[in-house]
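K.L.:
Residue numbers (the working numbering): 4 to 145.
#1: Taking three-plus beta-carbon pairs below 8 Å as touching, is the stretch 90–100 in contact with the stretch 72–80?
#2: Quick check on the DSSP output: the alpha helix (DSSP H) that includes residue 31 runs from which residue to which?
#3: If residue 48 sits next to residue 107, beta carbons under 8 Å apart, how far is it from one beta carbon to the other, in whole angstroms?
#4: Would you identify the three-state DSSP class for residue 88, choosing helix, strand or coil?
#5: For a quick check, are the C-beta atoms of residue 5 and residue 39 less than 8 Å apart?
#6: Put residue 49 into one of helix, strand or coil per three-state DSSP.
#7: Tell me whether the beta-carbon of residue 124 lies closer than 8 Å to the beta-carbon of residue 67.
#8: So residue 95 and residue 54 are in contact, right, with Cβ under 8 Å, and what is the actual spacing, rounded?
#9: By how many angstroms is the C-alpha of residue 81 removed from the C-alpha of residue 143?
#10: Residue 123 by DSSP, collapsed to three states: which one?
#11: Where do the ends of the beta strand (DSSP E) carrying residue 74 lie?
#12: At what residues does the alpha helix (DSSP H) containing residue 110 begin and finish?
#13: Which term fits residue 130, buried or exposed, when burial requires 16 or more other beta carbons within 10 angstroms of its beta carbon?
#14: Could you give the distance in angstroms between the alpha-carbon of residue 113 and the alpha-carbon of residue 17?
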């Protein structure tokens with residue numbers, strides 16, 4: 004698992020230890036942007052388990068560009084960008100989140116489809132070129 008605050012990592016490590024899953028989960032904490040890209044390449048899927056908040060996590064845009072399937076909670080913070088055609092949206096409950104991950108593990112074709120659709124949306128709506136075009140329109144309207 005990449006990222007997280009030290010106290011969050013400690014809590015998750017304790018949970019992993021309780022379940023005997025140390026051989027399956029590695030915690031790396033905060034990493035540089037270059038390291039982030041390497042970890043994205045290695046991942047089978049990407050997750051955003053937010054349980055609160057309104058603003059879109061910036062990582063969502065990077066996740067979409069990656070072409071990997073995304074599991075995220077059904078919160079406005081995610082649904083402003085994500086939908087059922089480009090991600091696995093689940094209720095913000097641990098059981099639902101786990102079910103979403105398991106569903107993608109057991110259905111790799113669905114994961115590939117969601118990842119590809121996410122990549123299409125990223126290129127179509129959220130590319131740097133589109134950002135600069137929208138910014139230009141705003142300035143021209145002033």
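Beta carbons are placed, not taken as given, at the ideal position from N, Cα and C, and that holds for glycine.
P.N.:
Quick answer:
#1: yes
#2: No alpha helix (DSSP H) holds residue 31; DSSP gives it neither H nor E.
#3: Rounded to the nearest angstrom, the Cβ distance from residue 48 to residue 107 is 5 Å, consistent with a contact under 8 Å.
#4: coil
#5: yes
#6: strand
#7: yes
#8: 5 Å
#9: 30 Å
#10: helix
#11: 73–76
#12: Unbroken run through residue 110: none, as it is neither H nor E.
#13: Burial check for residue 130: the Cβ neighbour count within 10 Å stays below 16, so the residue is exposed.
#14: Here the C-alpha atom of residue 113 lies approximately 32 Å from the C-alpha atom of residue 17.
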